[in-house]
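Undergrad: Quick note: the sequence shown uses this note's numbering, first residue 478, plus one each step.
The beta-carbon is built from N, C-alpha and C at its ideal position, and this holds for glycine as well.
Because the structure is a prediction, the values reported are computed rather than measured.
One structure is given below, represented as structure tokens, and several questions about it will come after.
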Amino acid sequence: MNQPDKKVGLVLGGGVVRGLAHVGVVTVLEEAGIPIHLIAGASSGAIVGAAYAAGLGTARLREMALKLRWRHVGIPVIPLRGFVSFVKLEKWLTGFIGDITFDQLETRFTAVTTDIDTGERVALQQGRVATAVRASCSIPGLVTPVKIDGRNLVDGALSNNLPVTVVRDQGADYVIAVDVMQPTVRRHWGALGYGFAGIELLIEHSGSGALLADCLITPNLAGATYFRFSRINDLITRGEAAAQAALPQIKRDLGLEG
478 MNQPDKKVGL VLGGGVVRGL AHVGVVTVLE EAGIPIHLIA GASSGAIVGA
528 AYAAGLGTAR LREMALKLRW RHVGIPVIPL RGFVSFVKLE KWLTGFIGDI
578 TFDQLETRFT AVTTDIDTGE RVALQQGRVA TAVRASCSIP GLVTPVKIDG
628 RNLVDGALSN NLPVTVVRDQ GADYVIAVDV MQPTVRRHWG ALGYGFAGIE
678 LLIEHSGSGA LLADCLITPN LAGATYFRFS RINDLITRGE AAAQAALPQI
728 KRDLGLEG
């Protein structure tokens, strides 16, 4: 297959456990020969994005996803800035990709975080990769912030769930973004179901990345779990199905048909 003239960026959004659907997406893109030159991720999208940028093959990515459990992620702490710390997530990710810095990655990668004191988006592109990913995943109020360069950094999905502009600024000509939020009103939850859908909407639209991508891949995850790791195989399968459906457009846009 001929290589496209365009530089391709891949953007992976947050969604807690749903973010592991990204494994299915990158598997299909790699098998189809779609080149990825730049990657940016927010929250759980940063986990998959960092691992892929580090050179983990899709088989290893799937193995990583299937092994992940809550016991690998958080540890309870005195609830001053959060109820748990994600320091275990940092160590767990390091076990797969190594204790590496951004300049050691095979593909240029950005972990998007939010400064909890200012509300600013902070795009991390240097330093320890696992620490940056931990910050990108740290849900404020629940998880303690991560101090980097004097800033208290938390979940990147709050300020820019689909950081399309990050890879655009790095020279991406064509951006594939993967949204795993899919807001849904869970009416059987009563008032809580409407409130939860409102939070999903706020996160999905933060940064307006869905409107800026050249190709938006949206796996069918409406009502799917955010917290049950026992559903990982199903989440990956849904990611694969959505990526397969998007392949004709991607190949056409990149001139890779035939």
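Alpha carbon to alpha carbon, how far is Ala-609 from Asp-482?
TA: Within the sequence shown, residue 609 is the residue found at index 132, counting from 1. Within the sequence shown, residue 482 is the residue found at index 5, counting from 1. Each residue's CA atom was taken as its position, placing Ala-609 and Asp-482 some 31 Å apart.
Undergrad: Taking the continuous beta strand (DSSP E) assigned at Arg-539, which residues delimit it?
TA: Translated into the one-based positions of the sequence shown, residue 539 becomes position 62. Not the beta strand (DSSP E): Arg-539 falls in the alpha helix (DSSP H), residues 535-544.
Undergrad: So who's on the other strand from Asp-632, going by DSSP bridges?
TA: As a position in the sequence shown, residue 632 is number 155, starting the count at 1. Note: Asp-632 is bridge-paired with Thr-590 in the DSSP secondary-structure output.
Undergrad: Who are Leu-489's beta bridge partners in DSSP?
TA: Position 12 of the sequence shown holds residue 489. The partner list for Leu-489 (beta bridge, DSSP) reads Gly-518 and Val-655.
Undergrad: Mapping DSSP to helix, strand and coil, what is Arg-605?
TA: Within the sequence shown, numbered from 1, the residue matching residue 605 stands at position 128. Three-state DSSP puts Arg-605 in a strand.
Undergrad: So, at 6 Å on beta carbons, what are the nonlocal neighbours of Lys-728 in its own chain, with the 5 sequence-adjacent residues on each side left out?
TA: Your numbering for residue 728 matches position 251 in the sequence shown. The residues are Glu-734.
Undergrad: Got a sec? Which residues, its chain only, sit under 6 Å from Asp-691 by beta carbon, not counting five neighbours each side?
TA: Along the sequence shown, read from residue 1 onward, the residue named residue 691 stands at position 214. Tyr-651 and Val-652, listed in sequence order.
Undergrad: Identify the residues that DSSP records as bridge partners of Cys-692: which are they?
TA: On the sequence shown, position 215 is the one that residue 692 refers to. Per DSSP, Ile-653.
Undergrad: So, is Trp-569 buried or exposed, given that buried needs 16 or more other C-beta atoms within 10 angstroms?
TA: The residue you call residue 569 lines up with position 92 of the sequence shown. Trp-569 should be labelled buried.
Undergrad: According to the Cβ coordinates, are Leu-712 and Leu-538 closer than 7 Å?
TA: For the purposes of this step, residue 712 is taken as residue 235 along the sequence shown, with counting starting at 1. For the purposes of this step, residue 538 is taken as residue 61 along the sequence shown, with counting starting at 1. At least 7 Å separates the beta-carbon of Leu-712 from that of Leu-538.
Undergrad: Got a sec, what are the start and stop residues for the alpha helix (DSSP H) Val-564 sits in?
TA: The sequence position of residue 564 within the sequence shown is 87, counting from 1. Counting along the chain, the unbroken alpha helix (DSSP H) around Val-564 starts and ends at 564-574.
Undergrad: Could you pull out every residue in the same chain whose Cβ sits closer than 8 Å to the Cβ of His-549, ignoring the five residues on either side in sequence?
TA: Indexing the sequence shown from 1 puts residue 549 at position 72. Closer than 8 Å at the Cβ level, and outside the excluded window around His-549, lie Lys-565, Leu-566 and Trp-569.
Undergrad: Three Cβ pairs or more, each shorter than 8 Å: is that satisfied between the segment 620-636 and the segment 552-565?
TA: yes
Undergrad: Do you know how far the Cα of Ser-613 is from the Cα of Val-561?
TA: Residue 561 sits at position 84 when you count from the first residue of the sequence shown. Residue 613 sits at position 136 when you count from the first residue of the sequence shown. If I take the Cα positions, the gap works out to 15 Å.
Undergrad: Buried or exposed for Gly-534, going by 16 or more other Cβ atoms inside 10 Å?
TA: The residue given as residue 534 occupies position 57 in the sequence shown. Exposed, since its Cβ has fewer than 16 Cβ neighbours within 10 Å.
Undergrad: As a quick exercise: from Ala-530, Lys-484 and Gly-492, pick the residue whose alpha carbon is nearest that of Phe-706.
TA: As a working mapping, residue 706 is identified with position 229 in the sequence shown. Of the candidates Ala-530, Lys-484 and Gly-492, the one whose C-alpha sits nearest the C-alpha of Phe-706 is Gly-492.
Undergrad: Measure the alpha-carbon distance for Thr-661 versus Gly-670 and round it to whole angstroms.
TA: Residue mapping note: residue 661 aligns to position 184 of the sequence shown, counting from 1. Residue mapping note: residue 670 aligns to position 193 of the sequence shown, counting from 1. The alpha-carbon atoms of Thr-661 and Gly-670 are separated by roughly 8 Å.
Undergrad: Secondary structure at Lys-624, three-state DSSP: helix, strand or coil?
TA: Along the sequence shown, one-based indexing puts residue 624 at 147. In this structure, Lys-624 counts as strand in the three-state DSSP scheme.
Undergrad: DSSP beta-bridge partners for Pro-553?
TA: Counting from one through the sequence shown, the residue named residue 553 turns up at place 76. In DSSP, Pro-553 forms a bridge with Val-561.
Undergrad: Grab me the residues of Phe-563's own chain with a C-beta within less than 7 Å of its C-beta, minus the 5 sequence neighbours each way, in chain order.
TA: As a first step, residue 563 must be located in the sequence shown, where it is residue number 86. So the list reads Val-550, Gly-551, Arg-611, Cys-614, Ser-615 and Val-620, once near-sequence residues are dropped.
Undergrad: Just mark Glu-717 as buried or exposed, buried being the case when its beta carbon has 16 or more other beta carbons within 10 Å.
TA: Counting from one through the sequence shown, the residue named residue 717 turns up at place 240. Residue environment analysis places Glu-717 among the buried positions, since at least 16 neighbouring C-beta atoms fall within 10 angstroms of its C-beta.
Undergrad: Would you decide whether Asp-594 is buried or exposed? Buried here means 16 or more other CB atoms lie within 10 Å of its CB.
TA: Counted from its first residue, the sequence shown places residue 594 at position 117. Asp-594 sits exposed, since fewer than 16 C-beta atoms from the chains shown fall within 10 Å of its C-beta.
Undergrad: To which residues of the same chain is Asp-664 closer than 7 Å at the C-beta, ignoring the five residues directly before and after it?
TA: Your numbering for residue 664 matches position 187 in the sequence shown. The residue asked about is misnamed: residue 664 is Arg in this sequence, not Asp. Gly-670, listed in sequence order.
Undergrad: In angstroms with no decimal places, state the Cα-to-Cα distance between Ala-649 and Leu-689.
TA: Walking along the sequence shown from the start, residue 649 turns up at place 172. Walking along the sequence shown from the start, residue 689 turns up at place 212. Computed Cα separation, rounded: 12 Å.
Undergrad: With H, G and I counted as helix, E and B as strand and the rest as coil, what does DSSP make of Ala-600?
TA: Within the sequence shown, numbered from 1, the residue matching residue 600 stands at position 123. Strand at Ala-600.
Undergrad: I'd like the span of the alpha helix (DSSP H) that includes Phe-673, first residue to last.
TA: Numbered from its first residue, the sequence shown carries residue 673 at position 196. Counting along the chain, the alpha helix (DSSP H) containing Phe-673 begins and ends at 668-682.
Undergrad: What separation, rounded to the nearest whole angstrom, lies between the Cα atoms of Arg-715 and Leu-489?
TA: Your numbering for residue 715 matches position 238 in the sequence shown. Your numbering for residue 489 matches position 12 in the sequence shown. When rounded, the distance between both Cα atoms is 15 Å.
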